[in-house]
Amino acid sequence: MMSQPAEAILKVDNLSIAFGGLQVLMNVDFSVYSNEIVSLIGPNGAGKTTVFNIISGLYRPTSGSILFHSKNLTGMHPHRISNIGITRTFQNIRLFKDLTVLDNVIIAKHFAFCYKLLGSLFYTPAYVEEEAKAEKDALELLAVFGLAERAHDISKNLPYGEQRKLEIVRALASGVKILLLDEPAAGMNNAETSALLKLIHHIRDTFKITVLLIEHDMKLVMKISDRIIVLHHGEVIADGTPSQIRNNPHVVEAYLGNPT
Ligand SMILES: Nc1ncnc2c1ncn2[C@@H]1O[C@H](COP(=O)(O)OP(=O)(O)O)[C@@H](O)[C@H]1O
Ligand SMILES: [Mg+2]
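For the sequence shown, my numbering begins at 1289 and goes up steadily by one.
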């Protein structure tokens, strides 16, 4: 084995799940280290989104566990998991569609902030100051994503690609540590996809976050990932660097050679 940082920030430990008679994940086991960009790839139906659903607490696995800094999160409520700093985006965008872009970001930040203050008094000078800062920070974050000029637009009026970016901005505003992105480039053209993935690289470096990414565009996955995990029929068939994955005969056979 190559040397790796001592402790995984996220460990998916021997995860299995079945729905009725359908075994969707079988002993899925992998680690993600601090500051990595790890891509989870595999054909449609391989179980990628299901892995995200379990990490984020939406599904409870039949067996196995999710460890964050060695702390067991399995079975924890989704809100607690996102509060710990594991936040996901969805294949179907989830925003407050009737609120402005700016308010969407401020609310995300506000929730994180309220949680910190839970049990203490609101409307202290510190709180008021924090509120003013929230707007400034939100605008700065939006600017990083090229959305500052959209700040006062109603979110549902944004083009699809910008709504996806807004989802990511909201996750960053909430103080995310591990960002789970489920096909963030879906519905984008090649240029937009390429720009978005560059941006993901940039935010990983700027915000010192860890990224777990589900993405179909292989060329881009190969370009931006530190490591790639390949799922096939609910099992991990490969885990390695982009060049290891590109040259892995099992992967080529199961996935890369197959255009679907
Ligand atoms: N809640 C569920 N109930 C029944 N089957 C499910 C459920 N969630 C996912 N599945 C099934 O699990 C398999 C993997 O789905 P999914 O994780 O969405 O795949 P991917 O994201 O890799 O395309 C599919 O066959 C899907 O129909
Ligand atoms: Mg999916």
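Backbone N, C-alpha and C fix where the C-beta goes; we use that ideal spot for every residue, glycine too.
According to the DSSP assignment, Ala-1526 belongs to the beta strand (DSSP E) that extends over 1523 to 1528. At least one heavy atom of ligand 1 lies less than 7 angstroms from the C-beta of Val-1312. Asn-1332 carries a coil assignment under DSSP once its states are collapsed to helix, strand and coil.
Contact between the region 1345 to 1365 and the region 1294 to 1313 is present: 3 or more CB-CB pairs across the two stretches fall below 8 angstroms. Among the bridge pairs identified by DSSP, Arg-1515 is matched with Val-1326. In terms of side-chain proximity, the C-beta atom of Thr-1337 is found nearer than 7 angstroms to a non-hydrogen atom of ligand 2. Under the DSSP definition of a beta bridge, Val-1432 lacks any partner.
Gly-1333 has its CB nearer than 7 angstroms to a heavy atom of ligand 1. Remark: the C-beta of Ile-1502 is in contact range of ligand 2, defined as less than 7 angstroms to any heavy atom.
The Cβ atoms of Phe-1356 and Val-1524 do not sit closer than 8 angstroms to each other.
If you draw a 10 Å sphere on the C-beta of Pro-1349, you find 16 or more other C-beta atoms in it, and that means buried. Thr-1375 is classed as buried because its beta carbon has at least 16 other beta carbons within 10 Å across all chains shown. In the DSSP assignment, Lys-1359 forms a beta bridge with Phe-1356. Boundaries of the beta strand (DSSP E) harbouring Ala-1306: 1298 to 1307, taken from the DSSP string. Nearest neighbour of Ile-1512 by Cα position, chosen from Pro-1530, Val-1518, Tyr-1448, Phe-1495, turns out to be Pro-1530.
Between the C-alpha atoms of Gly-1449 and Phe-1433 there is a straight-line separation of about 11 angstroms. By the criterion of at least three beta-carbon pairs nearer than 8 angstroms, the region 1459 to 1472 is in contact with the region 1484 to 1503. For Ser-1344, there is no enclosing alpha helix (DSSP H), as DSSP marks it with neither H nor E. By the neighbour-count criterion, in which 16 or more other beta carbons inside 10 Å mark a residue as buried, Gln-1532 falls on the exposed side. Taking C-beta separations shorter than 8 angstroms and ignoring five residues to either side along the sequence, the partners of Gly-1475 in its chain run Tyr-1448, Gly-1449, Arg-1452, following chain order.
By the neighbour-count criterion, in which a residue is buried when 16 or more other Cβ atoms sit within 10 angstroms of its Cβ, Val-1416 is exposed. With a beta-carbon spacing of about 15 angstroms, Ile-1488 and Ile-1329 fall beyond the 8 angstroms limit used to define contacts. Taking C-beta atoms under 8 angstroms as the contact rule, Leu-1484 and Val-1457 fail to qualify, at a distance of about 12 angstroms.
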